[in-house]
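Note sheet for the following structure.
Chains as they are written, first to last, in the numbering used here: chain L, 1 to 156; chain E, 1001 to 1156.
Laid out in structure tokens, this is it:
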């Protein structure tokens, strides 16, 4: 895969560099969809609840690939179809996403069931282990079903 | 403090709402500066390593205040000077920032000393406890000295 040449960061602080690499919130939403919703295709991401614009989605998938967070594989059954998958670097974002989820559910009015969030906050390690297991085993069942699953009807 | 009326979010997902509330990366860098660097004043933030533009800094401080993440207090010694401080909601971002720091230090070339990051990754709970203690006690000593402390020379 083509890799972007090392760019100049505004500082050497790892928090800053993480945020620069991730870019804006759309990238993290795509990572979320891959991680806990079982989304794999452009069409899946396009129909996520936030209604990302097609041109932004294309750009963010390209950036995530260049950053080594996402890879694309040709579908075995349909070579025109790309299936996206998190890399090891991508799945390593699980703890940060989990903490953003717990923070949002605690401090903002969200659609997340309070009991589900409380259970997740009590068992962070178990949730992260299961997230990683599903990624490793290519288990496409949505980890957080209340977030919604993929809409594309193709078997997987 | 004036609060922004509840806005419409693109979805009820708590990760999406967290990212919408936080906005772009500049907001999280200001939270970082308050949390682990002992920064308190406009001048402190302005001179952080990322060289944030003055107009962006003003705007992000305003948004963080409206979101209830930051409060501003008048300096006891100089009423023209505002001192910023994280709220409870703001300090609750510590776990998410910590995970972003560990992720960046693991997967990107950063200026963070590898031994310091390894120690932090091994003792997340202790680091978070100390972060919260310093916030509660208004202890301004930088938690991560290798990130740099405030440059303003005024005593605190």
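Even glycine gets a Cβ: it sits at the ideal position worked out from N, Cα and C.
When we look at the beta-carbon of residue 56 of chain L and count the other beta-carbons within 10 Å, is it buried (16 or more) or exposed?
Residue 56 of chain L comes out exposed.
Whole-angstrom C-beta distance between residue 1028 of chain E and residue 19 of chain L, which should lie under 8 Å
For residue 19 of chain L against residue 1028 of chain E, the beta-carbon gap comes to about 6 Å, under 8 Å, which counts as contact.
is_contact[residue 70 of chain L, chain E] using C-beta, thresh 8 Å:
Cβ-Cβ to chain E under 8 Å: no for residue 70 of chain L.
Which residues in the same chain as residue 46 of chain L place their Cβ atom closer than 8 Å to its Cβ, once the five residues preceding and following it in sequence are excluded?
Within the same chain, residue 46 of chain L has close Cβ partners 52, 54, 57.
Whose C-alpha, out of L/120, L/59, L/144, L/12, is nearest the C-alpha of residue 24 of chain L?
Nearest option by C-alpha distance: L/59.
Taking 8 Å as the limit between beta carbons, can you name the residues of its chain near residue 16 of chain L, skipping five residues before and five after?
The beta carbon of residue 16 of chain L sits closer than 8 Å to the beta carbons of 9, 10 from its chain, once the five residues preceding and following it are set aside; these are given in chain order.
So is residue 1136 of chain E in contact with chain L if we call contact Cβ pairs under 8 Å?
Taking Cβ atoms only, chain L never reaches closer than 8 Å to residue 1136 of chain E, which makes this a no.
For chain L, check one thing: does any of its Cβ atoms lie closer than 8 Å to the Cβ of residue 1021 of chain E?
Judged by the 8 Å Cβ criterion, residue 1021 of chain E is in contact with chain L.
I'd like the list of long-range same chain contacts for residue 73 of chain L, defined as Cβ closer than 6 Å, with 5 residues on each side in sequence excluded.
Within the same chain, Cβ atoms closer than 6 Å to the Cβ of residue 73 of chain L are found at 83, the five residues on either side in sequence being excluded.
Would you identify the three-state DSSP class for residue 156 of chain L, choosing helix, strand or coil?
Residue confidence for residue 156 of chain L is low, a pLDDT of 41 falling below 50, so the modelled location carries little weight; the figure read from the coordinates is stated next. In this structure, residue 156 of chain L counts as coil in the three-state DSSP scheme.
In angstroms with no decimal places, state the Cα-to-Cα distance between residue 1116 of chain E and residue 76 of chain L.
Within the model, the alpha-carbon separation for residue 1116 of chain E versus residue 76 of chain L is close to 44 Å.
Looking at the structure shown, is residue 109 of chain L part of a helix, part of a strand, or coil, going by DSSP?
Correct three-state label for residue 109 of chain L: coil.
Residue 1048 of chain E - DSSP class collapsed to helix/strand/coil
Of the three classes helix, strand and coil, the one that applies to residue 1048 of chain E here is coil, per DSSP.
In this structure, what does DSSP give as the bridge partners for residue 71 of chain L?
L/85, per the DSSP bridge assignment.
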